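Residue numbers (our numbering): 124 to 366. Below you'll find the structure, written out as structure tokens, and then a few comments.
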């Protein structure tokens with residue numbers, strides 16, 4: 124297993140430790156969440172956790188959860204989530220996030236907004252002082268408004284690319300398109316969020332400001348052990364090593 128995969132696995136398994144019996148758990152989307160699903164399935168098989176139900180953020184996560192025999196539910200049954208676990212594409216020093224590299228940003232945000240606690244799991248390469256430094260900002264747009272929003276996003280200073288996957292335009296689970304917006308840096312992510320929220324043609328965007336309660340950050344020490352830094356909104360750090 125590559126070091127990057129080891130980091131994802133260690134961070135995801137640490138986040139799963141926060142799941143308790145009887146919880147409603149939100150499941151994000153992406154390669155890091157895959158390792159969380161594997162661990163949750165293992166804990167269920169061994170009766171280490173019991174009576175949990177999960178709400179997936181995408182059809183891909185739903186499919187995996189069913190394969191792993193993880194019990195699923197939806198918002199028709201529960202309107203509150205105890206804990207959501209998900210990855211991120213970039214995390215700034217105030218725990219603001221860019222998400223959406225996997226294309227499930229809108230449903231992921233719906234889950235987080237319904238959650239009592241949101242834990243984000245990343246490797247150390249996802250950290251930056253300001254968002255937009257190392258990753259583009261995904262913006263989900265109604266196809267009807269595509270050209271309008273492309274021009275609007277350009278006026279905000281972005282280089283805009285319509286997302287393509289396997290030589291075809293990418294469509295979300297809501298049948299919307301994603302415009303990937305490259306900024307040199309987003310100086311004020313709070314103000315940017317306000318501008319994007321004000322546009323009727325924008326269905327959602329990857330800025331998750333003031334939403335994460337805890338970040339599990341995995342990195343490699345010189346001896347190749349895995350270091351986990353648990354960063355919360357109070358900037359506390361708890362270091363743990365996984366050999």
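Each residue gets a CB set at the ideal place from its N, CA and C atoms; glycine is no exception. In this text, all values refer to a predicted model and were calculated from it rather than measured experimentally.
Quiz item: Is there a Cβ from chain C that is less than 8 Å from the Cβ of residue 352?
Solution: Of the chains in the structure shown, none is chain C; there is only one protein chain.
Quiz item: In the DSSP assignment, what residue or residues form a beta bridge with residue 291?
Solution: 288
Practice problem: Tell me where the beta strand (DSSP E) around residue 343 begins and ends. | Solution: 337-343
Quiz item: Are residue 349 and residue 130 close, meaning C-beta to C-beta below 8 Å?
Solution: yes
Practice problem: Using only alpha-carbon positions, find the residue among 259, 296, 238, 215 that is nearest to residue 265. | Solution: 296
Quiz item: Of all the options 313, 327, 325, which has the alpha carbon lying nearest to the alpha carbon of residue 217?
Solution: 313
Practice problem: Tell me whether the beta-carbon of residue 273 lies closer than 8 Å to the beta-carbon of residue 334. | Solution: No, these two residues do not count as a Cβ contact at 8 Å.
Quiz prompt | First and last residue of the uninterrupted alpha helix (DSSP H) at residue 307 | solution = Annotation: residue 307 is outside any alpha helix (DSSP H) and is labelled neither H nor E by DSSP.
Quiz item: Thinking C-alpha only, which one of 321, 212, 141 is nearest residue 336?
Solution: 141
Self-check item: CA-to-CA distance, residue 225 to residue 288, given in whole angstroms
Solution: C-alpha of residue 288 to C-alpha of residue 225: approximately 11 Å in a straight line.
Quiz item: Which runs of the beta strand (DSSP E) spanning at least 3 residues fall entirely within the stretch 222-256, listed in chain order?
Solution: 241-246
Quiz item: Can you tell me whether DSSP reads residue 215 as helix, strand or coil?
Solution: coil
Exercise. Express the C-alpha separation of residue 155 and residue 331 in angstroms, rounding to a whole number.
Key: Roughly 18 Å separates the two Cα atoms.
Self-check item: Given residue 183 as reference, the closest of 207, 252, 152 once Cα atoms are compared
Solution: 152
Quiz item: Who pairs with residue 208 in a beta bridge, going by DSSP?
Solution: BP columns for residue 208 point to 150, 242.
Quiz item: Between which two residues does the alpha helix (DSSP H) carrying residue 313 extend?
Solution: Residues 312-320.
Exercise. Classify residue 175 as helix, strand or coil using the three-state DSSP reduction.
Key: coil
Quiz item: Just checking my contact of residue 240 with residue 206 at CB under 8 Å: how many whole Å lie between their CB atoms?
Solution: About 5 Å separates the CB atoms of residue 240 and residue 206; that is less than 8 Å, so the two are in contact.
Quiz item: Do you know how far the Cα of residue 301 is from the Cα of residue 293?
Solution: 7 Å
Quiz item: Roughly how far, in whole angstroms, is the beta-carbon of residue 134 from the beta-carbon of residue 339, given that I think they are within contact range, below 8 Å?
Solution: 5 Å
Quiz item: What is the rounded straight-line gap between the Cα of residue 255 and the Cα of residue 170?
Solution: 42 Å
Quiz item: Do the CB positions of residue 299 and residue 321 come within less than 8 Å of each other?
Solution: no
Exercise. Alpha carbon to alpha carbon, how far is residue 222 from residue 351? Give it in angstroms, no decimals.
Key: Distance between the alpha carbons of residue 351 and residue 222 is about 21 Å.
Self-check item: Those residues which DSSP pairs with residue 264 across a bridge
Solution: 300, 325
Self-check item: Straight-line gap, residue 178 to residue 260 (C-alpha atoms, nearest Å)
Solution: 25 Å
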